[in-house]
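Before any comments, here is the structure.
Numbering (my numbering), first residue to last: 266 to 748.
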């Protein structure tokens, strides 16, 4: 079965509706005209009856001249049956032979007169007590002719109206779909190589303009997502290529002659182990971000002492960062959150601070709280962050001031992970820094994640727990943050 285009269907529906409306109007007009004619005929017959009775009561008989004298100008027949008398107001309206028996009834008949007429019959008693059987008939031939002409005219007008509605509907639908077709052709011409193209928005200020703006807004988001994805793949490939290149270099060295030299062999093994660890950490971070975006990381809120967790992470970090001074302070406070994720969050900030803090530099973590939220501040006296980099440090693979970080390992994923952890806990993350003096990150977290009115169970547990991998990429204790 052939499917009609939407434009064609709209044209047909428009023409059909217009035709039905026109038909309904014509039918109503025709019925009104017919009702008016019938009512007018009835009034004329009743008026004639009244005149006939008045004349009969006065004179005992009636003639055509009496009708003329009383202004009866329409075609009418008067029959006085008992006197065997009949006459017509016009010569063309004559009687048929035969009895007239029905009384006091309006009927449309052609068995009384030569033409089709509406008839009124009744019995009348004269002043001399003479019974009369009377009939008044009015011709309706002209009315019937007028109605026939009207009906034909309306039928022709309806047919012409239907044809006109098809033409007008086709034109209007074509004009209405012109902008839509233009937008469709613009979208059809877009592909991965032409993501920057946009559709031309009609300047009509109506729904089509809104549709065009919505399409362009969607294309902007798709373009940004595609660009981000391309950059992500490129950066990830670059970050993976670096350790692979190092590993390949040492493997080539060992395969040629390095394995005969114990020092070269030991150096190669350590380098391969280190680069393998870096690559493993990078892959784990990438998986963490991917699972977070696909809602495949399960947030497991539990009640624990946040200060105790901070102290444990500080102790662990002090053992691995012996050339940094790590200080922790604050008061104990219970929090309902995901312990593993917050532990990862603290490690991210400590390792990030250690990366940009010189030997014997200071990293200070403080905890404060009020009735509804906990505030964690991570401060260091390191290199600081340039103002132009502050708004970008949470982007994936972004490394601030590559000239200063060329000897500092990292892929630029740590702070992106930290931001995601704060977001899923419905917290806020801010940073302030002065180049050459200090950097301070401030994390604000609700004390009870499960009591957050904006966090539904579906957001806490978007999928059954057994469908998730619960291990987070906590990394090696001596790892350095990527940002």
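Cβ coordinates follow ideal geometry from the N, Cα and C atoms, glycine included.
Worksheet item: Going by beta carbon distance, what residues of the same chain come within less than 6 Å of residue 693, once the five residues before and after it are set aside?
Response: 709
Discussion item. What would DSSP say about residue 362, mapped onto helix, strand or coil?
Written reply: Because residue 362 sits at a pLDDT of 40, beneath the cut-off of 50, its placement in the model cannot be relied upon, and the following sentence gives the value as read from the coordinates. It is coil, neither helix nor strand.
Worksheet item: Tell me which same chain residues have a C-beta within less than 6 Å of the C-beta of residue 488, skipping the five on either side of it?
Response: 460
Worksheet item: Should residue 579 and residue 529 be called a contact, given that it needs their Cβ atoms to be closer than 9 Å?
Response: no
Item to complete: Kindly list the residues whose CB is nearer than 6 Å to the CB of residue 268, restricted to its own chain and excluding five residues on each side of it in sequence; keep chain order.
Response: none
Practice prompt. Determine the DSSP secondary structure at residue 587, reduced to helix, strand or coil.
Written response: coil
Worksheet item: By Cβ distance, which residues of its chain are closer than 7 Å to residue 288, with the 5 residues on each side in sequence left out?
Response: 423
Worksheet item: Around the C-beta of residue 315, are 16 or more other C-beta atoms found within 10 angstroms, so that it is buried, or is it exposed?
Response: exposed
Fill in: Where residue 720 sits in the DSSP three-state scheme
Residue confidence is low: residue 720 scores 46 on pLDDT, short of 50, so the model does not pin down where it sits. Its coordinate-derived value is still stated next. Looking at residue 720 - three-state DSSP - the assignment turns out to be coil, as it is neither helix nor strand.
Worksheet item: Looking at the structure shown, is residue 394 part of a helix, part of a strand, or coil, going by DSSP?
Response: coil
Discussion item. Need the endpoints of the beta strand (DSSP E) that residue 630 sits in, please.
Written reply: 626-634
Worksheet entry | First and last residue of the uninterrupted beta strand (DSSP E) at residue 659 | Note, residue 659: premise wrong, no beta strand (DSSP E); not H, not E.
Worksheet item: Using a Cβ-Cβ cut-off of 7 Å (strictly less than) and excluding sequence neighbours within five positions of residue 524, which residues of its own chain qualify?
Response: 530
Fill in: Simplified DSSP assignment, three categories, for residue 685
helix
Item to complete: Please list, in chain order, all residues of the same chain as residue 509 whose beta carbon is under 6 Å from its beta carbon, the five residues on each side excluded.
Response: none
Practice prompt. May I have the straight-line CA-CA distance separating residue 594 from residue 587, to the nearest angstrom?
Written response: 19 Å
Discussion item. For residue 468 and residue 439, I'd like the C-alpha separation in whole angstroms.
Written reply: 17 Å
Worksheet item: Where does residue 270 fall in DSSP's three states?
Response: coil
Worksheet item: Would the beta-carbon of residue 265 fall within 9 Å of that of residue 678?
Response: As displayed, the chain neither begins before 266 nor continues past 748, which places residue 265 out of reach and without an answer.
Worksheet item: How far does the beta strand (DSSP E) with residue 612 in it reach, from first residue to last?
Response: Segment 604-620 is the alpha helix (DSSP H) holding residue 612; no beta strand (DSSP E) there.
Practice prompt. Report the rounded CA-to-CA distance for residue 627 versus residue 612, giving the unit in angstroms.
Written response: 15 Å
Worksheet entry | Within 9 Å, strictly: CB atoms of residue 589 and residue 622 | yes
Item to complete: Tell me, please, whether the stretch 506-522 touches the stretch 479-487 by the rule of three or more beta-carbon pairs shorter than 8 Å.
Response: no
Discussion item. Helix, strand or coil for residue 439? Go by DSSP, reduced to three states.
Written reply: helix
Practice prompt. Look at the alpha carbon of residue 712 and the alpha carbon of residue 637, and state the distance between them as a whole number of angstroms.
Written response: 6 Å
Worksheet item: In this structure, what does DSSP give as the bridge partners for residue 567?
Response: 602
Fill in: DSSP three-state assignment for residue 462, whether helix, strand or coil
coil
Worksheet item: Just how far apart, CA to CA, sit residue 470 and residue 703?
Response: 52 Å
Worksheet item: Would you report the Cα separation of residue 462 and residue 449, rounded to the nearest angstrom?
Response: 13 Å
Worksheet item: Does residue 304 have its Cβ less than 9 Å from a Cβ in chain C?
Response: The displayed structure is made up of one protein chain only, and chain C is not part of it.
Practice prompt. Helix, strand or coil for residue 536, going by three-state DSSP, please let me know.
Written response: helix
Fill in: Endpoints, the alpha helix (DSSP H) within which residue 334 is located
329-334
Worksheet item: How would you label residue 649, buried or exposed, when you count the other beta carbons within 10 angstroms and need 16 or more for buried?
Response: buried
Item to complete: Assess, as a yes-or-no matter, whether the stretch 316-332 is touched by the stretch 413-433 under the definition of 3 or more beta carbon pairs within less than 8 Å.
Response: no
Worksheet entry | residue 600 classed as buried or exposed, judged by whether at least 16 other C-beta atoms fall within 10 angstroms | buried
Worksheet item: Taking just the CA atoms, how far does residue 327 sit from residue 336?
Response: 14 Å
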